[in-house]
């Protein structure tokens, strides 16, 4: 049905799409029961990410594995936002192609 490389790419995409909302949820919901769920999800996702099979697939697709906590992800996103904002400003902003 699906080619293995498609399934692998889909798995990487799914994991990537889970990480950003997980980081956002952890910052916005300090409620203890919800925080426990987020911490458990983070722990399980990080555990799965470092298994040899998943590591081989993701690294084989050219991605870099960096398991982190939601707080670390939020800090990375904040730093990247500042970094890319400076680059965009230096280049004169973003304009549509003419």
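Residue numbers (my numbering): 73 to 170. Cβ atoms here follow ideal geometry from the backbone N, Cα and C, with glycine treated the same way. None of the values given here were measured: they were computed from a predicted structure.
- If you look at residue 162, you'll find it in the alpha helix (DSSP H) that goes 142-162.
- Here the alpha carbon of residue 153 sits roughly 15 Å from the alpha carbon of residue 163.
- Contact between the region 134-150 and the region 111-125 is present, with at least three C-beta pairs closer than 8 Å.
- Between residue 166 and residue 160 the beta-carbon gap is near 6 Å, inside 8 Å, which marks them as a contact.
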